[in-house]
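J.: The structure's right below; bear with me while I get my questions together.
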Ligand code: NAD
């Protein structure tokens, strides 16, 4: 019987790689799901709920892992965890493949098949497996909720007998998955919303959500989207024009949410200290790019800093702060991917190594790091 192991995450990670719904589906497929006791607690999935859907609750991580064929995890597991699996077992997780190379190599040396969910190709067939989207969407939502909580004023305009409360002006920088959800959330809360991006395709998306689009729309802007749908790094000349536009716009804003990223590069620097100082005291910036260096010059990862009355938050795991939804969606992403590797008739693992989803996510196999983006030049 194919056995799937799920263990508790490291401290500070409330998410879990399985949900009652996915346990039910995996069990119905004839697979055995072993979950470490308490692993779902921070996502409010009790052992009883998971067991009721067919999971076997293991008292320790070691007992969940021992001899398992597949290991599902949120963050990168330790080599010791992976060594407890069956030789050549499949590990699917958000492996942060570009971080801690030595740790990744140690993991590869276990001989496990390592699959990085972040590398899932962004094609229609894999939409249900896209962990970056499922988690970024929640992060965009939570960024606005956190900003509203930090902001000492209301977001919607309120006309009361005692006077009028003005609507908060909210500016979203970077309109990918997180930015679009941030716009929608801020609009629902009644804020006046504007947004910027360098990809022309976002202009219509911003307008359709009822926000105002602001950008330097020159010739370079028209070419700023790659074939894969991502932003390109912009020229120094464009950055200068963009900085002037942002400087004049940001000083009137109450809340700024930044989400701008370029794959494989540090986050573009969009808000300087001078721009922060031009904002009114009490304004709030939530920088979702904190993990990659931040879009704001003053951002510090995992901290809220205050500069001349402006609060700047650099959260690192906002999706994890909505753990019930984040875990449910992440577990569904994993289930959808795993289904492509299961022979339902035989109730056995059957990996098609030529499948672009497998090729796209495969980081290591047979003890070696194999992903093209992780090959060292000269190695
Ligand atoms: P991302 O996290 O890489 O970047 C966030 C946003 O920052 C992007 O919109 C980007 O254009 C913007 N940005 C980069 N540099 C900037 C700058 N200097 N100034 C302002 N904005 C800047 O993006 P994402 O959320 O992963 O989405 C990237 C693309 O992938 C989008 O087109 C999205 O629609 C697409 N996508 C496709 C699928 C799919 O087909 N399955 C799934 C999800 C997303």
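In this note's numbering, the protein residues as written are 11 to 389. From the three backbone atoms N, C-alpha and C, an ideal C-beta is built for every residue, glycine too. Remember, it's a predicted structure, so these values are computed and weren't measured experimentally.
Comparing alpha-carbon positions, which option in 294, 348 and 57 lies nearest residue 65?
T.: Measuring from the Cα of residue 65, the nearest candidate turns out to be 57.
J.: Should the region 155 to 171 be regarded as contacting the region 217 to 229, the criterion being three or more beta carbon pairs within less than 8 Å?
T.: Contact between the region 155 to 171 and the region 217 to 229 is absent, because fewer than three Cβ pairs lie under 8 Å.
J.: Can you tell me which of the three DSSP states residue 168 falls into?
T.: In this structure, residue 168 counts as strand in the three-state DSSP scheme.
J.: Helix, strand or coil for residue 297 per DSSP?
T.: Note: residue 297 maps to strand in three-state DSSP.
J.: Specify the secondary structure class of residue 385 as computed by DSSP and reduced to three states.
T.: In this structure, residue 385 counts as coil in the three-state DSSP scheme.
J.: So residue 352 packs on residue 344, CB below 8 Å; how close in whole Å?
T.: Contact doesn't hold; Cβ gap of about 12 Å is too wide.
J.: Using 8 Å as the threshold, is the C-beta distance between residue 314 and residue 322 below it?
T.: Yes; because the gap between Cβ atoms is below 8 Å, this pair is in contact.
J.: Verify the contact flag: residue 25, CB atom, against every heavy atom of the ligand NAD, threshold strictly below 7 Å.
T.: Every heavy atom of the ligand NAD is 7 Å or more from the Cβ of residue 25, so no.
J.: Provide the residue span of the beta strand (DSSP E) that contains residue 3, from first to last.
T.: Since the first and last residues shown for the chain are 11 and 389, residue 3 lies out of range.
J.: State the DSSP-derived secondary structure class of residue 141, mapped to helix, strand or coil.
T.: Reduced to three states, the DSSP call for residue 141 is helix.
J.: To which residues of the same chain is residue 263 closer than 6 Å at the C-beta, ignoring the five residues directly before and after it?
T.: So the list reads 179 and 181, once near-sequence residues are dropped.
J.: With the cut-off set at 8 Å, would you say residue 55 and residue 371 are in Cβ contact?
T.: Going by C-beta atoms, residue 55 is not nearer than 8 Å to residue 371.
J.: Run through DSSP, which three-state label would residue 219 get?
T.: Three-state DSSP puts residue 219 in coil, outside helix and strand.
J.: Figure out for me which residue from 268, 176 and 17 has the closest Cα to the Cα of residue 94.
T.: Per the Cα distances, 17.
J.: Does the Cβ of residue 112 have 16 or more other Cβ atoms within 10 Å, making it buried, or fewer, making it exposed?
T.: Exposed.
J.: Using DSSP with H/G/I as helix, E/B as strand and the rest coil, what is residue 55?
T.: Coil.
J.: Verify the contact flag: residue 207, CB atom, against every heavy atom of the ligand NAD, threshold strictly below 7 Å.
T.: For the ligand NAD, at least one heavy atom lies less than 7 Å from the Cβ of residue 207.
J.: Is the separation between the beta-carbon of residue 337 and that of residue 86 shorter than 8 Å?
T.: For residue 337 and residue 86, no; Cβs fall outside 8 Å.
J.: Between the alpha carbons of residue 389 and residue 383, how many angstroms are there, rounded?
T.: Confidence at residue 389 is low in this model, with a pLDDT of 45, below 50, so its placement is unreliable and the value that follows should be read with caution. So the two alpha carbons sit approximately 13 Å from each other.
J.: Is residue 198 near the ligand NAD, in the sense that its beta carbon is under 7 Å from a heavy atom of that ligand?
T.: Checking every heavy atom of the ligand NAD against the Cβ of residue 198, none is found closer than 7 Å.
J.: Which partner residues of residue 286 appear in the DSSP bridge assignment?
T.: Residue 286 pairs with nothing; no bridge assigned.
J.: Less than 7 Å between the CB of residue 276 and some heavy atom of the ligand NAD, yes or no?
T.: No, the Cβ of residue 276 stays beyond 7 Å of every heavy atom of the ligand NAD.
J.: Can you give the beta carbon distance from residue 305 to residue 272, rounded, assuming they're within the 8 Å contact cut?
T.: Not quite, the Cβ-Cβ distance comes to about 11 Å (not below 8 Å), so this is no contact.
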